[in-house]
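*Asks:* Below is the structure I would like to discuss, written out as structure tokens.
Number of protein chains: 6
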Amino acid sequence: MSKVITFGEIMLRLAPFNYYRFVQANRFEATYGGGEANVAVSLATLGVDVGYVTKLPNNEIGQSAVNSLRQYGVNTSSIVRGGNRVGIYFLEKGASQRPSKVVYDRAGSAIATALKEEFNWNVIFEGVEWFHFTGITPALGDNVADICLEACKIAKEKNITISCDLNYRKNLWSKKKACEVMSKLMPYVDVCIANEEDAADVFGIKAQGSDIITGKVNHEGYKEVAKKLADKFELKKVAITLRGSISASDNNWAGILYTDNEFFLSKNYLIHIVDRVGGGDSFGAGLIYSFINGFAPEDAIEFAVAASCLKQTIEGDFNFVTVDEVKKLASGDGSGRVQR
Amino acid sequence: MSKVITFGEIMLRLAPFNYYRFVQANRFEATYGGGEANVAVSLATLGVDVGYVTKLPNNEIGQSAVNSLRQYGVNTSSIVRGGNRVGIYFLEKGASQRPSKVVYDRAGSAIATALKEEFNWNVIFEGVEWFHFTGITPALGDNVADICLEACKIAKEKNITISCDLNYRKNLWSKKKACEVMSKLMPYVDVCIANEEDAADVFGIKAQGSDIITGKVNHEGYKEVAKKLADKFELKKVAITLRGSISASDNNWAGILYTDNEFFLSKNYLIHIVDRVGGGDSFGAGLIYSFINGFAPEDAIEFAVAASCLKQTIEGDFNFVTVDEVKKLASGDGSGRVQR
Amino acid sequence: MSKVITFGEIMLRLAPFNYYRFVQANRFEATYGGGEANVAVSLATLGVDVGYVTKLPNNEIGQSAVNSLRQYGVNTSSIVRGGNRVGIYFLEKGASQRPSKVVYDRAGSAIATALKEEFNWNVIFEGVEWFHFTGITPALGDNVADICLEACKIAKEKNITISCDLNYRKNLWSKKKACEVMSKLMPYVDVCIANEEDAADVFGIKAQGSDIITGKVNHEGYKEVAKKLADKFELKKVAITLRGSISASDNNWAGILYTDNEFFLSKNYLIHIVDRVGGGDSFGAGLIYSFINGFAPEDAIEFAVAASCLKQTIEGDFNFVTVDEVKKLASGDGSGRVQR
Amino acid sequence: MSKVITFGEIMLRLAPFNYYRFVQANRFEATYGGGEANVAVSLATLGVDVGYVTKLPNNEIGQSAVNSLRQYGVNTSSIVRGGNRVGIYFLEKGASQRPSKVVYDRAGSAIATALKEEFNWNVIFEGVEWFHFTGITPALGDNVADICLEACKIAKEKNITISCDLNYRKNLWSKKKACEVMSKLMPYVDVCIANEEDAADVFGIKAQGSDIITGKVNHEGYKEVAKKLADKFELKKVAITLRGSISASDNNWAGILYTDNEFFLSKNYLIHIVDRVGGGDSFGAGLIYSFINGFAPEDAIEFAVAASCLKQTIEGDFNFVTVDEVKKLASGDGSGRVQR
Amino acid sequence: MSKVITFGEIMLRLAPFNYYRFVQANRFEATYGGGEANVAVSLATLGVDVGYVTKLPNNEIGQSAVNSLRQYGVNTSSIVRGGNRVGIYFLEKGASQRPSKVVYDRAGSAIATALKEEFNWNVIFEGVEWFHFTGITPALGDNVADICLEACKIAKEKNITISCDLNYRKNLWSKKKACEVMSKLMPYVDVCIANEEDAADVFGIKAQGSDIITGKVNHEGYKEVAKKLADKFELKKVAITLRGSISASDNNWAGILYTDNEFFLSKNYLIHIVDRVGGGDSFGAGLIYSFINGFAPEDAIEFAVAASCLKQTIEGDFNFVTVDEVKKLASGDGSGRVQR
Amino acid sequence: MSKVITFGEIMLRLAPFNYYRFVQANRFEATYGGGEANVAVSLATLGVDVGYVTKLPNNEIGQSAVNSLRQYGVNTSSIVRGGNRVGIYFLEKGASQRPSKVVYDRAGSAIATALKEEFNWNVIFEGVEWFHFTGITPALGDNVADICLEACKIAKEKNITISCDLNYRKNLWSKKKACEVMSKLMPYVDVCIANEEDAADVFGIKAQGSDIITGKVNHEGYKEVAKKLADKFELKKVAITLRGSISASDNNWAGILYTDNEFFLSKNYLIHIVDRVGGGDSFGAGLIYSFINGFAPEDAIEFAVAASCLKQTIEGDFNFVTVDEVKKLASGDGSGRVQR
């Protein structure tokens, strides 16, 4: 009986070592990750009782994906086993002016070909308080969008809070299709999370005065985005991450939270990037943690931004930071002095 | 203008280090391999001008597969680029009583979804003397079987010698389907290669007195298999590898060649296995090398068996042995004394 | 609520790569292991619901030990957290005439300094059917021997079957002390497991006609050892592993089971060793699996010996083999042919 | 029949991992590189048909050097095989205030001991449009300088454009000797490339207002250097890279192109260095690519500087960047945002 | 007969690769280090004849620690062999806002349990000019504090200069205890070294206007600290390192030397950190080198700060820099340009 | 003041990992080794005070070679520093029928170009009892042969025992030249060591009934070889290693000692090879150890053969075995049971 359930696709992540490009790679570091799985592991590491739902094949690669979640304390008992393959993504880490590069090889994965009847949400949601998914999940196919919708409906019936990270992926669907499908799901959502591009991509809601390419992110402009999103779908809370990408090695990082007609802008962190993948997911996990622990909005946004700042200093998709570590940074100690 | 052309699927091979099992793996050694690609690299290393034909996606993983062939001197100029993914196989190396394990993830690969019109065999075969494929290629799908058939027809018209390694893969098709499709291709084949199980799997031609499980391989029984195969399809030559698997670490290895109504049985090698994948492919390459260089049958089978014995002492799918190295072993020096 | 509980010390295992000696090591492979933890992971991999009890410090090394168990599905919810350090053992893998070498650095570990009141066995044993420990656990100190004794008493009250692997460690206690302490625990034990040296070391019960040093192990002589052990402590079952060490690279491996006045001797396996640590533990796990699944004695001993044969072909302390893999070997297929 | 030919020495590069110093190294990453080989691989990756000429020994190390070029699509058919050894350079990567360090071990290499008659430039230059070499090649010895001179003469006869990167190496020859030899070669050169120190080292042409040690590079001062170089040797084009070395980890990087009496100064990039070796070579390749594709001078210098900026974010000597990647950066997108 | 002797504890250092956190680690880089050992290796690399004194167990781990010192030229002939274990510290490298983390596992080490009679200082100090220890050594236990005190007394008798780095470790003792013990040792000390926190921690002497957390270090305030320290214990020289921790990746680094009533403040270096452990130790070594070579105070502090700046660009505890490298940086060349 | 001095060339050894062939290598394990250096490290590990003499360049690679010796306790104070390069050898480990392969790149090394006046043997030999060199040293060039001869003369004057391992290397000199040069040195030699081929290669003294290629080594035939060698040069002792190479993975290994007109044949070991390089050197070290410790001839040959058997189970050139380990094996315990 977990407090939080997340639902989505966990992939095998294959990354060349250090800063080698794909064409130089003769070995890959093999980890597992994916939006909702990353949220689950973050929450588990923060001490939350969390379960993860997906479908994974009955072979050793599927088992290794399950193991990667169990290792960090995520409840995997509701994972459906079957299907043909684990989705894969290849990641080449960028540096300086050279961007990180992702090659997806996820078509035909077990979860992308799953059937609605394989998931018994009434059982899965027993005793659950919070349900989280991202825009990637319904993008996997109409079947998965249907499963998502059913999950949302049953969650709503059970009075479970629902959060959704828009997470637009252009390789999975068009903006038009995304808008169409997400518009059916958003009415069930209580807390919406987005990055500085998602709202524009999915719903055409754009911030003024920002230029993603040059790394200029106008924090003020996103207040309007948050408000518009909240108004459009009657959301309780909207949180947006604000990444100012100076280069692949250095990013500015902040977040904004809109709730009860008020805006809360976090501190900004200049991050020397180790691995930026999963930054948004760890932000989502930080928010969920804050909300289920009754943090004030100004504390919640600081906690979520600090947690996700730290994630980007860690290799892999998962965020291995404790509550103490996040609080220490959120309270202002980013000096990085050795902890003995 | 290559002398030999091979056609098939090259996959990304992901193998845990040393003897780690899949569930322990946190990094994979990434190489590329596949039956016909292995033959091509073997031939190139033996000094033959050889080209490889397949279809590979236009991304970095596809490019890396191309590069892996170019690196060893295979002509890749006839490779079609496009499609969605590179097929993958995961390999866990066995030891002692624990068998090696292969998990295939090859569905939907670029070559498996290729179209007949993408391959202009009249151009590809310009100046070519020998065409080689294996039973894996037509097993990838009816479309690929059709491409194969067309290649065979045009090769025949151009008087190109055709060799085929039966290479039955139960994950790709049933025995019944294999028999049906291969029976259409075999009439074009001049030289048929098989392992100790293929003829039974595909055409129901069984050897007497062998028990694969216990590692007992009755060399005599395979003479009949070879003859039956040759008679059935009017083959010029039939060659069969005879693996006596004592354990995953130790194998007996020999080969038989049937041609012009005569049998030629090679020496037997007791191999301490480093990596047995690609053993049969390197045998095929050794045979093709021998035949295009006009070796006597008894020399051809010794060369092919020695070459493929050495392959199994090398990591990866590819056989990196020179003509001198093979001849030294074939002529009886298997003492493994340091070469300074 | 697990079916099986094991109790002992899990250590950080630091091993140089491949066959490097300690003095050459500049990096260590870091895994976790220990007799009872190894049994737990083996059982979990065989599909048994199993929990592991120990005490581990509240730092990241302790957490990593917990994670290593969770990863493979062991229930870790009864692990007590606290204390100062995780015990360590350094392992240098032997080869040929050079033996493997273990350097222990386990003094002062959290479990070795644990207190009886930290373990609530009445709660831990809820719903449990089988309790397993080894002779290493009471050897950690009088405090831990006391905890062990209490666990045995409560287990007995709850009608839980108790198994004990004698596992004598000369670095932890003298033979005299071992005999004294173990003699208090054995009356609670139902199933006793030992290797070819333990019974002699702990209780002075020696086999005739064996010479450990030359690798000559007289299987017949161990029947008497088993019977004497069973008679002395009114044991239901006694199982002994019989390792014939030809060299660090090649071992004979078999087992004997004595139950209801009958002896059952398994097949013998000649193992090309990958990592022999944990061989006995995986034998114990195989036995426990067999008994809780009601195997006939002759099947139980074959299953346990086959499972533990496979363990020794896998890196690390843990045995990652499935029931199917064990049954395939137990039923006679040790040919190590590739599984595709 | 390649469009571009480069000629020089390719060495085995041995580099400790990460930021380990030589005295800590117990393994080396083994790649291959050298000024003109780096240009060839850069060009091949940009899609240009390029061949590389050198001499390499007939052993496995020589073969591996050949393979490293073939892998990335460089035509190696004109490489002469023979001689005794592959030159080696050891590279220790610097960080922050600690400079990178190169230890050369190249004396006696196959190319350094090659004979003029081993290279048939009339055949090599068939169908070629552009010939490139650097000041390192003639510095290898008088014999190699002679080969270089002959190549230049024949190239000139065939109306092939000749580019030369001055690339002064103080370990190979004195400034005096460099000036003397290079002065004989420069009359054949059409396009001269240099870094911020070369013109002063080789021809005594110095820039005003720069201080290499403090990282202050006066871009204006280099206009005069370029003009003086062009005037002295009647060069069509002179291009100079301007590295402002803040530290081993952070460099400013820009370039200037002088052609037809006009100066074109590129944007400046602040690079977080991954591996700065080969920066100048990738700049040369970018220029050659631009010129054979008829880029306007302002586009050519931006392309070359962007290409070589990206090189310095990649491990090894070679620059693995595509035309699209370079154009994206040259057009202003250096934000390093993930490419999915 | 060494010129300098240092005395303390050398530990096995286990660090995950790159920026992996402990919970992700499945292998550790194994090196050795510890305050006084680091000083010894630094001095040996600078060409000083130096010996190191400690106690290490008679097993392979102890031997490897000895070897790590011998490898770099430290005289290890006075190391006492015996005891049970080598102390261990686990190091997780921080990045950006995430601090480095040290988990100590050093209790019960050979040196921490050593006896006074095991060290014959009269013999050890034969021909010695300088004796160095740090505040860590007496913190290991009262027995070690006693050994330290004895060493100081005998050194003083022999007119050996004594330096002490305060090096406060809160895990080893309380501030109160530290003050008490160190106050007994300081009267023997000639040269006192400290970081920006030690004087406050041990003797309650605080600098004005600094805030360690925000990385703001007021260089002026430390003049007073140095003077107070010198006055309190009649020290000849006091040197303080001034680390301004901007983040785990970027630190400011400078030092101050107080001697003969004068202050000497070094240049400040902005360091891009590779490994900051051992920074203070290499500063101490730089000072000792400077003083035994009769450097002027302004040169001594510049040399020590430059040496320790370079240390932080090198992996591991030890500082592998030569006198030439340090002098080059101290004289102003921090451009990090490649040294060929 | 060492007891034993060895003199020769230490090279950088570059070996691909595991069983990768050279053409697959993208990293090399970097260790150092060479006949006489291997003897020195073996002796140091056995506890003998030993010094090593050579010439090594003043760069970091030379320093690393020195460090590799110091690390294991060899006195390096008589090593001359200067010259241009460290000799290199590339090693590809063989397996089964595939032989190990060595590519030498040692021409022009510091020692090969050293001058007689650089070595002051009168000083070097102060207090020395035993001098050892191998046939490789004089093969490096006439200058080195001269240095060798001078060393022998001065050693003889000082009554130092001289041992020489014939160690014929066909890449360095012809058999004729070897015979000529060695014949001048042998009169100074007291103890001659050879492998099963050396005596025939250098002096044309052949064993009857052996066939190196098939691995058949007639132990009896070597008695005559030993006697002939002893008689020809009035040697006190002749020892010959007898390697029966079954394959690169499995070798028989024994030795014969001839002294005072008696023959002593050791036990034979069937070795599962980890790394056979340095086998002969560790045999020589074992002999020297035995003789300086006054072992009886039958014990000496058993000790030397056991030591060198163990060497071949260890990675790298050096033999890291203690006297206890050797004695344990020599006394009959080759069971390879774990040492805890």
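Taken in order, these protein sequences are the chains called A, B, C, D, E and F.
Mapping of the first sequence onto the UniProt record's numbering: residues 1 to 340, in sequence order.
Mapping of the second sequence onto the UniProt record's numbering: residues 1 to 340, in sequence order.
Mapping of the third sequence onto the UniProt record's numbering: residues 1 to 340, in sequence order.
Mapping of the fourth sequence onto the UniProt record's numbering: residues 1 to 340, in sequence order.
Mapping of the fifth sequence onto the UniProt record's numbering: residues 1 to 340, in sequence order.
Mapping of the sixth sequence onto the UniProt record's numbering: residues 1 to 340, in sequence order.
Ideal placement from N, C-alpha and C gives every residue a C-beta, glycine not left out.
Apart from the five residues on each side of it in sequence, which residues of its chain come closer than 6 Å, Cβ to Cβ, to Val39 of chain E?
*Replies:* Thr6, His132, Asp281, Gly284, Ala285
*Asks:* Tell me, please, whether the CB atom of Pro99 of chain A is closer than 7 Å to any CB atom in chain D?
*Replies:* yes
*Asks:* What would DSSP say about Tyr72 of chain E, mapped onto helix, strand or coil?
*Replies:* coil
*Asks:* One question on the structure: do Ile271 of chain A and Asn293 of chain A come within less than 7 Å of each other, judged by their Cβ atoms?
*Replies:* no
*Asks:* With a threshold of 7 Å between beta-carbons, can Gly284 of chain A be considered close to chain D, or not?
*Replies:* no
*Asks:* Is the separation between the beta-carbon of Arg106 of chain C and that of Gly87 of chain C shorter than 7 Å?
*Replies:* yes
*Asks:* Should Ser247 of chain D be flagged as near chain E, meaning a C-beta pair shorter than 7 Å?
*Replies:* Yes, because at least one Cβ of chain E sits closer than 7 Å to the Cβ of Ser247 of chain D.
*Asks:* Measuring CB atoms only, is the region 244–261 of chain C touching the region 325–339 of chain F, in the sense that at least three cross pairs come out at less than 8 Å?
*Replies:* yes
*Asks:* Taking only beta carbons into account, state which residues of the region 296–309 of chain E come closer than 9 Å to chain D, listed in chain order.
*Replies:* Residues are counted here when their Cβ sits less than 9 Å from a Cβ of chain D; for the region 296–309 of chain E these are Ala306, Cys309, given in chain order.
*Asks:* Tell me which residues share the same chain as Asp165 of chain E and place their Cβ nearer than 6 Å to its Cβ, disregarding the 5 neighbours each side in the sequence.
*Replies:* Thr134, Ile193, Gly284
*Asks:* Do Val326 of chain F and Ala306 of chain F have their C-beta atoms within less than 7 Å of each other?
*Replies:* yes
*Asks:* Quick check: the region 42–59 of chain A against the region 11–21 of chain A, are there 3 or more CB pairs under 8 Å?
*Replies:* no
*Asks:* At 3 residues or longer, what runs of the beta strand (DSSP E) sit wholly inside the region 235–298 of chain F?
*Replies:* 237–245, 250–259, 262–265, 269–272
*Asks:* Check the Cβ-Cβ distances between Val66 of chain C and every residue of chain B, and say whether any is below 7 Å.
*Replies:* Among the residues facing chain B, Val66 of chain C is not included, as its CB has no counterpart in that chain under 7 Å away.
*Asks:* Just mark Ser96 of chain A as buried or exposed, buried being the case when its beta carbon has 16 or more other beta carbons within 10 Å.
*Replies:* With a threshold of 16 other beta carbon atoms within 10 Å, Ser96 of chain A meets it and is buried.
*Asks:* For Ala296 of chain F, does the count of other Cβ atoms within 10 angstroms reach 16, so buried, or fall short, so exposed?
*Replies:* exposed
*Asks:* How big is the Cα-Cα spacing for Leu229 of chain E and Glu9 of chain E?
*Replies:* 25 Å
*Asks:* Using a C-beta to C-beta distance shorter than 7 Å, which residues of chain C count as neighbours of Arg70 of chain A?
*Replies:* Per Cβ cutoff of 7 Å: Arg70, Gln71, Gly73.
*Asks:* Run through DSSP, which three-state label would Thr161 of chain F get?
*Replies:* strand
*Asks:* With DSSP collapsed to three states, give me the class of Ile314 of chain C.
*Replies:* coil
*Asks:* When you compare only the Cα positions, how much space is there between Ile154 of chain C and Asp324 of chain A?
*Replies:* 39 Å
*Asks:* Look up Ile88 of chain A in the DSSP assignment and say whether it is helix, strand or coil.
*Replies:* strand
*Asks:* With a threshold of 6 Å on Cβ separation, who are the neighbours of Ala330 of chain E within its own chain once the five nearest residues in sequence on each side are excluded?
*Replies:* Closer than 6 Å at the Cβ level, and outside the excluded window around Ala330 of chain E, lie Glu302, Phe303, Ala306.
*Asks:* Is there contact here, the region 62–74 of chain A with the region 28–39 of chain B, by at least three beta-carbon pairs under 8 Å?
*Replies:* no
*Asks:* Could you check what DSSP says for Tyr104 of chain A in three-state terms: helix, strand or coil?
*Replies:* When secondary structure is reduced to three states using DSSP, Tyr104 of chain A falls in the strand class.
*Asks:* What are the complete beta strand (DSSP E) segments, minimum 3 residues, inside the region 120–173 of chain F?
*Replies:* 130–134, 161–165
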